[in-house]
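Contents: one structure, followed by commentary.
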């Protein structure tokens with residue numbers, strides 16, 4: 021059984037002016053393990069900042085990661101539930117980038133050899149069903165969290181809590197099969213149902229255990245080629261996913277209608293203002309300089 025949200029006035033707005041919205045979603049789900057993916061630190065939400073850390077998740081020199089077997093089991097369970105092919109051998113990779121809440125300067129993830137490939141999620145579409153295909157499901161570690169409390173005399177400050185660094189994630193990447201914000205909503209509801217039924221993720225978006233990025237583009241209706249996409253981050257509720265896709269669709273259609281060109285970029289959703297704001301130019305895979313993780317052997321699954 022799949023919940024379907026009621027139609028909204030923004031649904032199909034692009035089609036009304038001769039365009040089609042194309043959306044792919046990247047869902048990050050924290051796995052319900054007692055310890056982190058590469059060390060024995062606890063994963064409890066709400067602990068005092070920087071009390072659930074060790075040399076491994078702090079990225080100190082000389083430490084080695086040890087893979088959490090339960091995280092692998094949960095990822096495989098999810099893959100089987102959505103009809104993915106489980107790779108008998110997958111490989112971890114370093115995704116290199118700088119951010120204050122990433123103490124190592126790289127994230128251990130999977131790139132060209134993920135754990136789960138393919139599959140799909142069925143959602144209601146009109147009077148029937150539609151299958152949203154999946155590209156992959158892969159394991160990775162979460163980053164820490166930047167906090168922005170107000171300091172003395174109203175001066176804003178930034179502090180880093182690394183309790184979340186190293187918490188196990190699965191990233192579920194959909195094909196660009198979604199055509200409206202309503203379909204995006206229904207897909208996320210169905211995916212959350214699956215994750216919670218399997219008890220691999222608690223699905224709590226307010227606590228950040230389920231997060232979503234949306235890749236949005238528009239193209240002329242009937243066109244075969246995709247348009248230039250933008251990635252929208254900071255989507256912490258299903259309603260904000262809807263609002264962000266509707267906003268970005270209207271923005272891109274406006275640019276194209278005025279003879280302009282959509283720029284590929286990463287945008288940050290501002291829920292208070294109801295707009296997506298430019299954050300940086302959109303990265304490609306080569307920007308992250310992926311290479312195999314030298315401290316972890318390939319992950320071989322037996323039958």
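Residue numbers (this note's numbering): 21 to 323.
Quick reminder that beta carbons are idealized off the backbone N, C-alpha and C, glycines included.
These figures come from a predicted structure and were not determined experimentally.
Per-residue DSSP class, three states only, for residue i
i           : result
residue 21  : Confidence is the limiting factor: at residue 21 the pLDDT is only 46, short of 50, which leaves the residue's position unreliable, though a coordinate-based value still follows. Coil at residue 21, not helix or strand.
residue 230 : strand
residue 112 : strand
residue 179 : strand
residue 321 : coil
residue 82  : coil
residue 77  : coil
residue 174 : helix
residue 248 : coil
residue 283 : coil
residue 221 : coil
residue 104 : coil
residue 135 : coil
One or two residues paired with residue i in a DSSP bridge
i           : result
residue 296 : 289
residue 62  : 55
residue 237 : 42
residue 255 : 232
Proximity of residue i and residue j at Cβ, strictly below 9 Å
i           : j           : result
residue 121 : residue 310 : no
residue 252 : residue 230 : no
residue 225 : residue 256 : yes
residue 37  : residue 277 : yes
residue 197 : residue 150 : yes
residue 47  : residue 145 : no
residue 56  : residue 88  : yes
residue 103 : residue 138 : yes
residue 98  : residue 189 : no
Boundaries (first-last residue) of the alpha helix (DSSP H) holding residue i
i           : result
residue 308 : It is not in any alpha helix (DSSP H) - residue 308 carries neither H nor E in the DSSP assignment.
residue 208 : 201-218
residue 98  : 89-101
Endpoints, the beta strand (DSSP E) within which residue i is located
i           : result
residue 127 : 126-130
residue 46  : 39-50
residue 269 : Run containing residue 269: none in the beta strand (DSSP E); it sits in the alpha helix (DSSP H), 258-277.
residue 168 : From DSSP, residue 168 is part of no beta strand (DSSP E); its letter is neither H nor E.
residue 68  : Counting along the chain, residue 68 falls outside any beta strand (DSSP E), and DSSP gives it neither H nor E.
residue 150 : 148-161
residue 145 : 140-145
residue 194 : 188-194
Any contact between the region 165-181 and the region 125-145? By contact I mean 3 or more CB pairs, one from each, below 8 Å. no
Measuring CB atoms only, is the region 105-112 touching the region 140-155, in the sense that at least three cross pairs come out at less than 8 Å? no
Please confirm if the region 235-244 is in contact with the region 35-53, defined as three or more CB-CB distances below 8 Å between the two stretches. yes
Do three or more CB pairs link the region 79-97 to the region 306-322 at distances below 8 Å? yes
Count the C-beta pairs between the region 65-73 and the region 278-293 that are closer than 8 Å, then say yes if the count reaches three, no if not. no
Is the region 202-214 touching the region 158-169 in the sense that three or more CB pairs, one from each, lie closer than 8 Å? no
For the structure I just gave you, are there three or more beta carbon pairs, one from the region 267-285 and one from the region 215-225, closer than 8 Å? no
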